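For the sequence shown, this note's numbering assigns the number 3 to the initial residue and increments by one for each residue that follows.
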Amino acid sequence: MKLQREIIMANFKTRARTLDLLGRQQIAGIPTAINELLKNAHDAYADHVDIDYFRRKNLFIIRDDGVGMSRTDFENRWLTLGTESKVQHTNASLPPVDKSKKFRHQMGEKGIGRLAIASIGKQVLIITKAKSKNEITAAFINWQIFELPGLNLDDIVVPTKTFKQIPDVDQVNAMKSELLDSVDILFSKDSLSERKYLEIKETISSFSICPKTLSKKLIRFSSFDSNDSGGTIFIISPVDEILNSDIDGDGNDKEATKIEKMLMGFHNTMTISHPEPLLDIVFRDYRSNDDTYIDIIDKEHFFTSEDFEQADHHFHGFFDEYGQFKGNIRIYHDKNFEHIVNWSGNNLNLTSCGPFEINLAYVQGDRKHSIMANEDYARVTSKSDKFGGLYIYKDNIRI
3 MKLQREIIMA
13 NFKTRARTLD
23 LLGRQQIAGI
33 PTAINELLKN
43 AHDAYADHVD
53 IDYFRRKNLF
63 IIRDDGVGMS
73 RTDFENRWLT
83 LGTESKVQHT
93 NASLPPVDKS
103 KKFRHQMGEK
113 GIGRLAIASI
123 GKQVLIITKA
133 KSKNEITAAF
143 INWQIFELPG
153 LNLDDIVVPT
163 KTFKQIPDVD
173 QVNAMKSELL
183 DSVDILFSKD
193 SLSERKYLEI
203 KETISSFSIC
213 PKTLSKKLIR
223 FSSFDSNDSG
233 GTIFIISPVD
243 EILNSDIDGD
253 GNDKEATKIE
263 KMLMGFHNTM
273 TISHPEPLLD
283 IVFRDYRSND
293 DTYIDIIDKE
303 HFFTSEDFEQ
313 ADHHFHGFFD
323 EYGQFKGNIR
333 IYHDKNFEHI
343 VNWSGNNLNL
353 TSCGPFEINL
363 AYVQGDRKHS
373 IMANEDYARV
383 TSKSDKFGGL
393 YIYKDNIRI
(Lines of atoms letter the chains of each structure in order from A and count residues from 1; the text may use other names and numbers.)
(Lines give C-alpha, C1' and ligand atoms only; values in the text may rest on other atoms or scores of the structure.)
Protein backbone atom coordinates (compact mmCIF):
# COMPACT_ATOMS: atom_id res chain seq x y z
CA MET A 1 0.00 0.00 0.00
CA LYS A 2 1.41 3.37 -1.01
CA LEU A 3 0.83 6.50 1.00
CA GLN A 4 0.39 9.67 -0.98
CA ARG A 5 0.90 13.07 0.53
CA GLU A 6 -1.08 15.95 -0.89
CA ILE A 7 0.79 19.24 -1.05
CA ILE A 8 -1.40 22.31 -0.85
CA MET A 9 0.23 25.46 -2.16
CA ALA A 10 -0.68 28.92 -0.87
CA ASN A 11 -0.44 31.98 -3.11
CA PHE A 12 -0.21 35.68 -2.47
CA LYS A 13 -3.20 37.74 -3.48
CA THR A 14 -3.13 41.44 -4.23
CA ARG A 15 -5.93 43.63 -2.98
CA ALA A 16 -7.21 46.28 -5.34
CA ARG A 17 -6.57 48.90 -2.66
CA THR A 18 -2.84 48.27 -3.19
CA LEU A 19 -2.95 50.55 -6.22
CA ASP A 20 -4.61 53.25 -4.16
CA LEU A 21 -2.01 52.85 -1.41
CA LEU A 22 0.94 52.86 -3.83
CA GLY A 23 -0.42 55.64 -6.01
CA ARG A 24 -2.76 58.32 -4.75
CA GLN A 25 -1.91 57.92 -1.06
CA GLN A 26 1.86 57.98 -1.67
CA ILE A 27 1.78 61.13 -3.80
CA ALA A 28 2.22 64.48 -2.07
CA GLY A 29 -0.44 66.05 -4.28
CA ILE A 30 -1.52 66.82 -7.83
CA PRO A 31 1.61 68.88 -8.69
CA THR A 32 3.79 65.90 -7.77
CA ALA A 33 1.60 63.58 -9.84
CA ILE A 34 1.92 65.86 -12.89
CA ASN A 35 5.68 66.03 -12.38
CA GLU A 36 5.86 62.23 -12.45
CA LEU A 37 3.83 62.15 -15.67
CA LEU A 38 6.27 64.63 -17.23
CA LYS A 39 9.12 62.28 -16.32
CA ASN A 40 7.20 59.43 -17.96
CA ALA A 41 6.88 61.54 -21.12
CA HIS A 42 10.63 62.13 -21.03
CA ASP A 43 11.20 58.39 -20.71
CA ALA A 44 8.88 57.84 -23.70
CA TYR A 45 11.16 60.05 -25.86
CA ALA A 46 8.52 62.73 -26.29
CA ASP A 47 9.39 66.15 -27.73
CA HIS A 48 6.20 67.87 -26.59
CA VAL A 49 3.92 67.61 -23.57
CA ASP A 50 0.62 69.49 -23.64
CA ILE A 51 -1.54 69.94 -20.56
CA ASP A 52 -5.03 71.35 -21.10
CA TYR A 53 -7.21 72.09 -18.09
CA PHE A 54 -10.81 73.09 -18.88
CA ARG A 55 -12.12 74.35 -15.55
CA ARG A 56 -15.76 74.80 -16.53
CA LYS A 57 -15.89 71.29 -18.01
CA ASN A 58 -14.05 69.69 -15.07
CA LEU A 59 -11.68 68.16 -17.60
CA PHE A 60 -7.90 67.66 -17.43
CA ILE A 61 -5.89 66.35 -20.38
CA ILE A 62 -2.17 65.56 -20.49
CA ARG A 63 -0.67 64.21 -23.70
CA ASP A 64 2.74 63.55 -25.22
CA ASP A 65 4.12 62.65 -28.64
CA GLY A 66 6.46 59.92 -27.45
CA VAL A 67 6.83 56.32 -28.56
CA GLY A 68 3.39 55.42 -27.19
CA MET A 69 2.21 51.89 -26.43
CA SER A 70 0.80 49.00 -28.38
CA ARG A 71 -1.98 46.99 -26.76
CA THR A 72 0.63 44.43 -25.68
CA ASP A 73 2.79 47.17 -24.15
CA PHE A 74 -0.21 48.62 -22.37
CA GLU A 75 -1.35 45.32 -20.89
CA ASN A 76 2.12 43.93 -20.07
CA ARG A 77 3.72 47.14 -18.85
CA TRP A 78 1.23 49.89 -17.95
CA LEU A 79 -1.30 47.53 -16.36
CA THR A 80 1.42 45.44 -14.71
CA LEU A 81 2.82 46.43 -11.32
CA GLY A 82 6.55 46.26 -10.71
CA THR A 83 7.74 46.35 -14.32
CA GLU A 84 11.51 46.27 -14.69
CA SER A 85 12.11 49.65 -16.35
CA LYS A 86 15.49 50.07 -14.67
CA VAL A 87 16.54 46.43 -14.28
CA GLN A 88 18.80 44.69 -16.79
CA HIS A 89 17.71 41.05 -16.90
CA THR A 90 17.09 38.50 -19.62
CA ASN A 91 13.44 38.13 -18.57
CA ALA A 92 12.83 41.84 -18.05
CA SER A 93 10.38 43.65 -20.29
CA LEU A 94 12.33 46.83 -20.96
CA PRO A 95 10.57 50.02 -22.05
CA PRO A 96 10.53 50.97 -25.75
CA VAL A 97 13.36 53.13 -27.06
CA ASP A 98 13.15 55.61 -29.93
CA LYS A 99 16.32 54.72 -31.81
CA SER A 100 16.00 57.82 -33.97
CA LYS A 101 16.82 59.97 -30.90
CA LYS A 102 19.66 60.20 -28.43
CA PHE A 103 19.39 57.67 -25.60
CA ARG A 104 17.59 58.92 -22.49
CA HIS A 105 18.17 57.65 -18.98
CA GLN A 106 14.93 56.64 -17.27
CA MET A 107 13.67 59.30 -14.84
CA GLY A 108 10.30 57.86 -13.77
CA GLU A 109 10.21 56.24 -10.35
CA LYS A 110 8.93 52.67 -9.96
CA GLY A 111 5.81 53.20 -12.10
CA ILE A 112 4.43 55.72 -9.62
CA GLY A 113 3.38 58.16 -12.36
CA ARG A 114 0.67 55.91 -13.78
CA LEU A 115 -0.76 55.27 -10.32
CA ALA A 116 -0.51 58.94 -9.41
CA ILE A 117 -3.10 59.78 -12.07
CA ALA A 118 -5.69 58.87 -9.44
CA SER A 119 -4.59 61.98 -7.51
CA ILE A 120 -5.77 64.20 -10.36
CA GLY A 121 -9.25 62.79 -10.82
CA LYS A 122 -11.61 59.88 -10.21
CA GLN A 123 -11.34 58.29 -13.63
CA VAL A 124 -9.28 58.39 -16.79
CA LEU A 125 -9.63 57.47 -20.44
CA ILE A 126 -6.24 56.48 -21.80
CA ILE A 127 -5.60 56.63 -25.54
CA THR A 128 -2.23 55.54 -26.85
CA LYS A 129 -0.58 54.61 -30.13
CA ALA A 130 2.84 53.07 -30.62
CA LYS A 131 5.03 54.50 -33.35
CA SER A 132 5.25 52.19 -36.39
CA LYS A 133 1.88 50.65 -35.46
CA ASN A 134 -1.44 51.36 -37.17
CA GLU A 135 -3.77 50.66 -34.24
CA ILE A 136 -4.84 52.83 -31.32
CA THR A 137 -5.40 51.35 -27.85
CA ALA A 138 -7.90 52.85 -25.42
CA ALA A 139 -8.75 51.93 -21.83
CA PHE A 140 -11.19 53.33 -19.31
CA ILE A 141 -10.37 53.23 -15.57
CA ASN A 142 -12.42 54.34 -12.59
CA TRP A 143 -10.13 54.74 -9.58
CA GLN A 144 -12.95 54.70 -7.01
CA ILE A 145 -13.34 50.94 -7.52
CA PHE A 146 -9.74 50.43 -6.38
CA GLU A 147 -10.56 52.04 -3.02
CA LEU A 148 -13.10 49.35 -2.16
CA PRO A 149 -12.04 46.99 0.65
CA GLY A 150 -12.09 43.26 0.06
CA LEU A 151 -11.58 43.32 -3.71
CA ASN A 152 -8.62 41.68 -5.42
CA LEU A 153 -7.07 43.18 -8.53
CA ASP A 154 -8.45 40.37 -10.69
CA ASP A 155 -11.98 41.29 -9.55
CA ILE A 156 -11.76 44.61 -11.38
CA VAL A 157 -12.47 45.05 -15.07
CA VAL A 158 -10.46 47.55 -17.16
CA PRO A 159 -12.25 47.89 -20.53
CA THR A 160 -9.54 47.92 -23.20
CA LYS A 161 -10.19 48.24 -26.93
CA THR A 162 -8.23 48.82 -30.13
CA PHE A 163 -9.30 51.17 -32.91
CA LYS A 164 -8.07 52.43 -36.25
CA GLN A 165 -8.85 56.05 -35.35
CA ILE A 166 -9.36 58.18 -32.26
CA PRO A 167 -12.51 56.71 -30.62
CA ASP A 168 -15.83 58.52 -30.91
CA VAL A 169 -18.54 58.94 -28.30
CA ASP A 170 -20.29 55.64 -29.18
CA GLN A 171 -17.07 53.68 -28.76
CA VAL A 172 -16.36 55.35 -25.43
CA ASN A 173 -19.93 54.66 -24.30
CA ALA A 174 -19.43 50.97 -25.10
CA MET A 175 -16.41 50.92 -22.79
CA LYS A 176 -18.41 52.71 -20.10
CA SER A 177 -21.18 50.13 -20.43
CA GLU A 178 -18.69 47.31 -19.94
CA LEU A 179 -17.39 48.95 -16.79
CA LEU A 180 -20.92 49.65 -15.51
CA ASP A 181 -21.84 45.99 -16.04
CA SER A 182 -18.82 44.92 -13.99
CA VAL A 183 -19.90 47.25 -11.17
CA ASP A 184 -23.39 45.71 -11.29
CA ILE A 185 -21.81 42.28 -10.82
CA LEU A 186 -19.76 43.48 -7.85
CA PHE A 187 -22.90 44.92 -6.28
CA SER A 188 -24.81 41.67 -6.82
CA LYS A 189 -22.03 39.90 -4.90
CA ASP A 190 -22.33 42.38 -2.01
CA SER A 191 -18.79 43.62 -2.72
CA LEU A 192 -19.83 47.24 -2.23
CA SER A 193 -22.53 49.15 -0.41
CA GLU A 194 -25.52 50.63 -2.20
CA ARG A 195 -24.26 54.14 -1.47
CA LYS A 196 -20.87 53.41 -3.01
CA TYR A 197 -22.49 51.53 -5.89
CA LEU A 198 -24.65 54.52 -6.82
CA GLU A 199 -21.73 56.93 -6.38
CA ILE A 200 -19.46 54.96 -8.71
CA LYS A 201 -22.19 54.49 -11.33
CA GLU A 202 -22.88 58.23 -11.27
CA THR A 203 -19.19 59.03 -11.82
CA ILE A 204 -18.87 56.62 -14.74
CA SER A 205 -22.10 57.82 -16.35
CA SER A 206 -21.02 61.47 -16.04
CA PHE A 207 -18.07 60.92 -18.39
CA SER A 208 -19.54 62.45 -21.55
CA ILE A 209 -16.47 63.20 -23.64
CA CYS A 210 -15.98 62.42 -27.32
CA PRO A 211 -12.22 62.16 -27.93
CA LYS A 212 -12.65 62.41 -31.69
CA THR A 213 -14.44 65.76 -31.40
CA LEU A 214 -12.18 66.96 -28.61
CA SER A 215 -9.01 66.21 -30.58
CA LYS A 216 -10.04 68.70 -33.26
CA LYS A 217 -10.17 71.50 -30.69
CA LEU A 218 -6.85 70.82 -28.96
CA ILE A 219 -3.85 72.94 -29.87
CA ARG A 220 -0.82 71.15 -31.31
CA PHE A 221 -2.58 67.80 -31.45
CA SER A 222 -0.98 64.77 -33.08
CA SER A 223 -3.81 63.00 -34.91
CA PHE A 224 -2.16 59.54 -34.89
CA ASP A 225 -2.98 59.32 -38.62
CA SER A 226 0.42 58.04 -39.76
CA ASN A 227 2.56 55.09 -38.70
CA ASP A 228 5.31 57.53 -37.73
CA SER A 229 3.10 59.28 -35.16
CA GLY A 230 2.76 58.03 -31.62
CA GLY A 231 2.07 59.14 -28.09
CA THR A 232 -0.26 58.85 -25.13
CA ILE A 233 -3.26 60.90 -24.01
CA PHE A 234 -4.76 60.87 -20.53
CA ILE A 235 -8.28 62.35 -20.40
CA ILE A 236 -9.23 62.80 -16.75
CA SER A 237 -12.71 63.73 -15.52
CA PRO A 238 -13.97 64.64 -13.00
CA VAL A 239 -10.96 66.48 -11.61
CA ASP A 240 -10.17 66.84 -7.92
CA GLU A 241 -11.32 70.32 -6.87
CA ILE A 242 -8.03 70.96 -5.05
CA LEU A 243 -6.33 71.48 -8.44
CA ASN A 244 -7.80 74.99 -8.67
CA SER A 245 -6.18 76.06 -5.41
CA ASP A 246 -2.91 74.38 -6.44
CA ILE A 247 -2.91 76.58 -9.55
CA ASP A 248 -4.31 79.81 -8.05
CA GLY A 249 -2.54 79.78 -4.69
CA ASP A 250 -3.70 82.25 -2.08
CA GLY A 251 -3.84 85.22 -4.45
CA ASN A 252 -0.38 86.52 -3.53
CA ASP A 253 1.45 87.03 -6.84
CA LYS A 254 4.80 87.34 -5.04
CA GLU A 255 4.70 83.72 -3.90
CA ALA A 256 4.89 80.69 -6.16
CA THR A 257 1.84 78.45 -6.21
CA LYS A 258 2.16 74.71 -5.61
CA ILE A 259 1.98 74.03 -9.34
CA GLU A 260 4.68 76.61 -10.08
CA LYS A 261 6.96 75.30 -7.34
CA MET A 262 6.79 71.78 -8.71
CA LEU A 263 6.76 72.37 -12.47
CA MET A 264 8.82 75.52 -13.03
CA GLY A 265 12.44 74.71 -13.83
CA PHE A 266 11.70 71.14 -14.93
CA HIS A 267 14.74 71.48 -17.19
CA ASN A 268 17.84 73.47 -16.32
CA THR A 269 17.55 76.65 -18.40
CA MET A 270 19.49 78.92 -16.05
CA THR A 271 23.17 78.35 -16.77
CA ILE A 272 24.80 79.55 -19.99
CA SER A 273 26.02 76.07 -20.96
CA HIS A 274 22.71 74.30 -20.30
CA PRO A 275 21.66 71.67 -22.87
CA GLU A 276 18.60 72.29 -25.00
CA PRO A 277 15.51 71.08 -23.07
CA LEU A 278 14.25 67.74 -24.34
CA LEU A 279 10.59 68.50 -23.59
CA ASP A 280 8.58 71.50 -24.72
CA ILE A 281 5.96 71.71 -21.96
CA VAL A 282 2.81 73.84 -22.11
CA PHE A 283 0.14 74.03 -19.38
CA ARG A 284 -2.97 75.76 -20.72
CA ASP A 285 -5.46 76.82 -18.06
CA TYR A 286 -8.84 77.53 -19.70
CA ARG A 287 -10.78 79.48 -17.09
CA SER A 288 -13.87 80.27 -19.14
CA ASN A 289 -15.84 78.63 -21.92
CA ASP A 290 -14.05 80.43 -24.74
CA ASP A 291 -10.70 79.56 -26.37
CA THR A 292 -8.58 81.87 -24.20
CA TYR A 293 -6.12 80.38 -21.75
CA ILE A 294 -3.16 81.18 -19.51
CA ASP A 295 0.09 79.25 -19.84
CA ILE A 296 0.81 78.86 -16.15
CA ILE A 297 4.37 77.58 -16.61
CA ASP A 298 5.45 80.10 -19.23
CA LYS A 299 9.25 79.84 -19.54
CA GLU A 300 9.65 83.63 -19.38
CA HIS A 301 8.33 83.59 -15.80
CA PHE A 302 11.32 81.53 -14.65
CA PHE A 303 15.04 82.34 -14.51
CA THR A 304 16.80 82.62 -17.87
CA SER A 305 20.51 82.25 -18.54
CA GLU A 306 20.66 86.04 -18.99
CA ASP A 307 19.18 86.51 -15.50
CA PHE A 308 21.74 84.10 -14.09
CA GLU A 309 24.72 85.83 -15.71
CA GLN A 310 23.60 89.31 -14.64
CA ALA A 311 23.70 88.37 -10.93
CA ASP A 312 26.32 90.08 -8.78
CA HIS A 313 28.31 87.03 -7.70
CA HIS A 314 28.86 83.51 -9.01
CA PHE A 315 30.11 80.30 -7.49
CA HIS A 316 31.02 77.53 -9.92
CA GLY A 317 32.94 74.33 -9.36
CA PHE A 318 33.07 70.54 -9.32
CA PHE A 319 33.06 67.89 -6.65
CA ASP A 320 34.87 64.79 -7.90
CA GLU A 321 33.98 61.19 -7.09
CA TYR A 322 36.01 61.46 -3.86
CA GLY A 323 34.26 64.59 -2.62
CA GLN A 324 37.16 66.96 -3.39
CA PHE A 325 36.15 70.41 -4.63
CA LYS A 326 37.74 72.66 -7.21
CA GLY A 327 36.09 75.82 -8.46
CA ASN A 328 35.93 79.59 -8.82
CA ILE A 329 34.21 82.48 -7.12
CA ARG A 330 33.53 85.58 -9.20
CA ILE A 331 32.78 88.76 -7.28
CA TYR A 332 31.04 91.64 -9.09
CA HIS A 333 32.01 90.16 -12.48
CA ASP A 334 35.69 91.13 -12.29
CA LYS A 335 37.37 89.51 -9.26
CA ASN A 336 37.99 85.78 -9.69
CA PHE A 337 39.27 83.49 -6.98
CA GLU A 338 40.11 79.81 -7.47
CA HIS A 339 39.39 77.49 -4.58
CA ILE A 340 40.46 73.90 -3.94
CA VAL A 341 38.89 72.26 -0.91
CA ASN A 342 40.26 68.85 -0.02
CA TRP A 343 38.17 66.46 2.06
CA SER A 344 41.05 65.06 4.06
CA GLY A 345 38.86 62.82 6.21
CA ASN A 346 37.44 60.91 3.25
CA ASN A 347 40.62 58.87 2.69
CA LEU A 348 39.93 58.67 -1.07
CA ASN A 349 36.72 56.70 -0.61
CA LEU A 350 34.20 57.00 -3.41
CA THR A 351 31.16 59.11 -2.47
CA SER A 352 27.68 57.60 -2.71
CA CYS A 353 26.42 60.37 -5.00
CA GLY A 354 29.38 60.41 -7.39
CA PRO A 355 30.82 63.52 -9.04
CA PHE A 356 28.64 66.58 -9.58
CA GLU A 357 28.82 70.22 -10.65
CA ILE A 358 27.58 73.18 -8.61
CA ASN A 359 26.67 76.54 -10.12
CA LEU A 360 25.19 79.31 -7.96
CA ALA A 361 24.30 82.94 -8.64
CA TYR A 362 23.80 85.52 -5.90
CA VAL A 363 22.12 88.93 -6.04
CA GLN A 364 22.73 91.49 -3.29
CA GLY A 365 19.68 91.96 -1.11
CA ASP A 366 20.18 95.72 -0.87
CA ARG A 367 19.76 97.52 -4.20
CA LYS A 368 22.57 99.99 -3.49
CA HIS A 369 25.07 97.15 -3.15
CA SER A 370 24.24 95.62 -6.53
CA ILE A 371 25.87 96.47 -9.86
CA MET A 372 22.80 95.36 -11.82
CA ALA A 373 20.76 97.89 -13.77
CA ASN A 374 17.56 98.97 -12.00
CA GLU A 375 15.24 97.17 -14.43
CA ASP A 376 17.30 93.97 -14.35
CA TYR A 377 17.56 94.06 -10.56
CA ALA A 378 13.79 94.47 -10.19
CA ARG A 379 13.07 91.61 -12.59
CA VAL A 380 15.57 89.15 -11.12
CA THR A 381 14.77 89.88 -7.47
CA SER A 382 11.07 89.48 -8.24
CA LYS A 383 11.81 86.03 -9.67
CA SER A 384 14.11 85.26 -6.74
CA ASP A 385 11.41 86.09 -4.22
CA LYS A 386 9.09 83.71 -6.04
CA PHE A 387 11.35 80.93 -7.27
CA GLY A 388 14.71 81.42 -5.55
CA GLY A 389 16.34 78.34 -4.08
CA LEU A 390 18.56 75.36 -4.85
CA TYR A 391 17.56 73.38 -7.94
CA ILE A 392 19.10 69.93 -8.34
CA TYR A 393 19.26 68.35 -11.79
CA LYS A 394 20.23 64.94 -13.11
CA ASP A 395 20.70 64.62 -16.86
CA ASN A 396 19.22 68.14 -17.09
CA ILE A 397 15.91 67.01 -15.44
CA ARG A 398 15.03 68.48 -12.06
CA ILE A 399 14.92 65.88 -9.31
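Every residue, glycine too, gets a C-beta built ideally from N, C-alpha and C.
Keep in mind it's a predicted model, so treat the numbers as computed, not measured.
- Around ILE238, the same chain offers PHE62, ILE122, GLY123 and VAL126 as residues with beta carbons nearer than 6 angstroms, after the five sequence neighbours per side are excluded.
- By the Cβ test, the segment 175 to 186 is in contact with the segment 197 to 212, since at least three Cβ pairs between them sit closer than 8 angstroms.
- In this structure, ALA132 places its C-beta atom within 7 angstroms of the C-beta atom of GLY232.
- TYR199: member of the alpha helix (DSSP H) spanning 196 to 207, first to last residue.
- Within the same chain, VAL284, PHE285 and ARG286 come within 7 angstroms of ASP297 by CB-CB distance, once the 5 residues on both sides are set aside.
- Looking at the DSSP output, ASP397 bridges to nothing.
- Pairing GLU311 with GLY68, the inter-Cα distance amounts to about 34 angstroms.
- Contact holds between the segment 318 to 328 and the segment 355 to 370, because three or more Cβ pairs, one in each stretch, are under 8 angstroms apart.
- In the DSSP assignment, no residue is bridged to ILE36.
- In the three-state reduction of the DSSP assignment, ASP183 falls in the helix class, which pools H, G and I.
- In the structure shown, the three-state DSSP call for GLY123 is strand.
- Annotation: LEU61 is outside any alpha helix (DSSP H); the continuous beta strand (DSSP E) that includes it extends over 61 to 66.
- In this structure, TRP80 and ARG106 do not form a Cβ contact; the two beta carbons are roughly 18 angstroms apart against a cut-off of 8 angstroms.
- Linking MET266 to LEU188 through their CA atoms gives a straight-line distance of about 43 angstroms.
- Taking C-beta atoms as the reference points, ASP309 and VAL365 fail to come closer than 7 angstroms.
- As DSSP reads the structure, ALA140 sits in a beta bridge with ILE129 and LYS163.
- Comparing C-alpha distances from LYS166 to each of GLU137, GLU149, ASN254 and ALA176 shows the shortest one belongs to GLU137.
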